Amino acid sequence: MSAHDLYREVILAHAQAPHNTGALPDACCKTHRDNPTCGDAIDLHADIHDGVIVDIRYESAGCAISTASASMMTDAVKGISSVEAAQLLANFRAFITTGDALDPALEELEALEGVRQLPARVKCALLAWRALEDVLAEERTEGS
Amino acid sequence: MRAVRHEFPILQQTVHDKPLVYLDNAATSQKPQAVIDAFDTYYRTMNANVHRGIHALSEAATDAYEASRRKLAAFIHARQPEEVIFTRNTTEGINLVAHGWGRKFLKAGDVVLLTVMEHHSNLVPWQMLRDQLGIEIRYIPVNDDGTLDLSDLDRLLAGVKLVSFVHSSNVLGTINPVRTIADAAHAVGAVVLVDGAQALMHMPVDVQALGCDFYAFSGHKMCGPTGIGIFWGRLELLKAMNPFLGGGDMIERVQLDSVTYAEPPAKFEAGTPAISEAIVLGAAVDYLNSVGMDNIAAYDQQLTDYALERLPSVPGLRLLGSAPERGAVFAFTLEGIHAHDLSTLLDEQGIAIRAGHHCAQPLGKRMGVPASARASLAFYNETHEIDTLIDALMHAREVFGYVRS
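For the record, the sequence lines run as chains A and B.
In terms of the numbering used here, the first sequence opens at residue 6 and continues consecutively.
In terms of the numbering used here, the second sequence opens at residue 34 and continues consecutively.
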């Protein structure tokens, strides 16, 4: 695998101009996640109303892989239901770890395929998704 | 210094079809053939438990184990071999002081002085002790150039019982003025522990000249095996402090209601030790002596000077630390490319570096960089490997679109 296979244009585009950055101070669901082995960190805020992710934003410090993954993840789940988001989360995790086919709704994330061959970097691609898991769990707790 | 690269079998391989350029020596060192052979010799000819068997193999293993202790004692200029304790690593040595000395001599309100440039191994044991005993921890600050700010040392030392700091930083490369700090600490009656993990493979170490009371280091960072480390302490302190782990070999006499501890070093070596690793560490010392620590230090300086000359030629590269006294450890950031991405891109060129916080998160915060790339060299590296690193950094900039390819 060459550098250009891993760092495809779409990844670099998201990493260098990430979407959905910032904070949602009044959001119902907030989380902070660290990658203890490398120091990457993300704060993810999600505004979830009646089971729908109305808005989702994040602030992060991390590599191109983790930033692009966060950017594309927030693009994909904004405006959908938290139930659908949970399904996409499970699908992406299977894609990046065991190589399952990607849900068409996550089409752009196909660009992260090269990460699967780099076990040390899988955690970078998953950081934002682990944060998504937190806010979805928080929403379920709040809603119940 | 004699050419040594060919004496390290692992360095002869290719990685991703490129000759391996191993620049992660601050994480662990590579091993010369002589050290690898020493394992073979031990297991072929003398494997037995030490200090108890009354048979030829056990005596041979015990002799080799104790001979290794004497080699290590001479290597760091300990007054006597009994001051040299075999541990697992530097971390265990520091924890040994926290438990064996700290729990006996520290009480609530006592102060331990550390520095902001410490590895987590010299932060966490004291934070644990603080939470258990109620001691206070103070920190010597770090200047922008990566040196320690000693301007306020006298005030910081007020009420301090123990000072613990790193000899040579695993991030900044800074070599700290151990003697100066130790003398100031002793003037207020404090005991001085030095983390020598990064020093042993790079410079002659003389614990008498350094003036410290405890010195801890790891075998695997000085051409020796993993799983073995050295803790050195002044004999009177070793006698006064408590043992760390309890068990076989560290006792004089055990009854159901009482125990008498053995004298050092046995007092601190409970259980069957890492016998083969301890003996092979002795072989690593023999090897380093055969190359010559003065030669190694001079060659290290040449590599350092060359790297410091070449690295700034990379646009956007920011080196962390510019201490005048420094070793061949270079942590840096490259504008617009995160350290993890850099590490992956360099790996594709056969270059091994480290990326992240280097187990020194408070220092990263102080320097304003949560993550950095780190190239760390050893005496078996050569200047052309620094050229390869520079070329790969330029290539990484191309991949990330900072220059037209």
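Glycine included, C-beta positions come from ideal geometry on N, C-alpha and C.
Remember, it's a predicted structure, so these values are computed and weren't measured experimentally.
- Across the structure, B/Ile173 and B/Ile214 are spaced so that their CA atoms are roughly 11 angstroms apart.
- Under the 10 Å beta carbon count, B/Lys137 is surrounded by fewer than 16 other beta carbons and is classified as exposed.
- In the DSSP assignment, the residues bridged to A/Ser86 are A/Val57.
- Assignment of B/Gln288 by DSSP, reduced to helix, strand and coil, places it in the strand class.
- Given a length threshold of 3 residues, the segment 88 to 114 of chain B has no whole run of the beta strand (DSSP E) inside it.
- Residues Ala303 and Gly304 of the same chain have their beta carbon placed closer than 7 angstroms to that of B/Gly281, with the five preceding and five following residues left out of the count.
- B/Gln63 is the residue among B/Ala111, B/Ala93 and B/Gln63 whose C-alpha sits nearest the C-alpha of B/Gln45.
- For secondary structure counted as the beta strand (DSSP E) over 3 or more consecutive residues, the segment 262 to 288 of chain B holds these complete runs in sequence order: 262 to 266 and 284 to 288.
- Judged by pairs of C-beta atoms under 8 angstroms, the segment 208 to 227 of chain B touches the segment 185 to 200 of chain B, as three or more such pairs exist.
- Residues of chain B with a Cβ closer than 9 angstroms to the Cβ of A/Leu17 are, in chain order, Val432, Phe433 and Gly434.
- When A/Gln122, A/Glu113, A/Phe100 and A/Asn25 are compared, the shortest CA-CA separation from A/Ser7 is found for A/Gln122.
- B/Gly126: not part of any beta strand (DSSP E); member of the alpha helix (DSSP H) spanning Thr123 to Leu129, first to last residue.
- Counting along the chain, B/Thr61 sits inside no alpha helix (DSSP H), nor does DSSP assign it H or E at all.
- Between the segment 53 to 67 of chain B and the segment 416 to 431 of chain B, the count of C-beta pairs closer than 8 angstroms reaches three or more; the two stretches touch.
- Against B/Leu353, chain A offers no close residue; the least beta-carbon distance is about 14 angstroms (beta-carbon pairs closer than 8 angstroms).
- B/His200 is the residue among B/Glu169, B/His200 and B/Ala191 whose C-alpha sits nearest the C-alpha of B/Met150.
- Under DSSP, A/Cys34 shares a beta bridge with A/Ala51.
- The beta-carbon of A/Arg126 is placed less than 8 angstroms from the nearest beta-carbon of chain B.
- If only uninterrupted beta strand (DSSP E) runs of at least 3 residues are considered, those enclosed by the segment 395 to 429 of chain B are 405 to 409.
- In the three-state DSSP reduction, B/Ser197 falls in the strand class (E or B).
- For a cut-off of 8 angstroms, the C-beta gap from B/Leu205 to B/Gly354 is around 3 angstroms, short enough to register as a contact.
- Taking 9 angstroms as the upper bound on Cβ-Cβ separation, chain B lies near residues Ala66, Gly67, Cys68, Ala69, Ile70, Ser71 and Thr72 of the segment 62 to 88 of chain A.
- Taking the Cα positions, B/Gln113 is about 51 angstroms away from B/Gly349.
- At a cut-off of 8 angstroms between beta carbons, B/Gln160 makes no contact with chain A.
- Within a 10 Å sphere around the beta-carbon of A/Glu144 sit 16 or more other beta-carbons, which makes this residue buried.
- Taking 7 angstroms as the Cβ-Cβ cut-off, the segment 366 to 385 of chain B approaches chain A at His371, His373, Asp374, Thr377, Leu378 and Glu381, given in chain order.
- Considered as a whole, the segment 87 to 120 of chain A harbours 87 to 102 as its complete alpha helix (DSSP H) runs of no fewer than 4 residues, in chain order.
- Within the segment 393 to 411 of chain B, contact with chain A at the beta-carbon level (separation under 8 angstroms) is assigned to Gln394, Gly397, Pro403 and Ala404.
- Rounded to the nearest angstrom, the Cβ distance from B/Ala388 to B/Gly179 is 19 angstroms, too far for a contact under 8 angstroms.
- Annotated three-state conformation of B/Pro345 is helix, per DSSP.
- C-alpha of B/Gln334 to C-alpha of B/Val37: approximately 16 angstroms in a straight line.
- A/Gly27 sits in coil when the DSSP states are folded into three classes, being neither helix nor strand.
- About 7 angstroms separates the CB atoms of B/His153 and B/Ala393; that is less than 8 angstroms, so the two are in contact.
- Your pair B/Leu146 and B/Arg171 checks out as a contact, with CB atoms roughly 5 angstroms apart and the cut at 8 angstroms.
- Proximity of B/Gly389 to chain A, defined by a Cβ-Cβ separation below 8 angstroms, is satisfied.
- Where B/Ala388 is concerned, the enclosing beta strand (DSSP E) starts and stops at Arg387 to Gly389.
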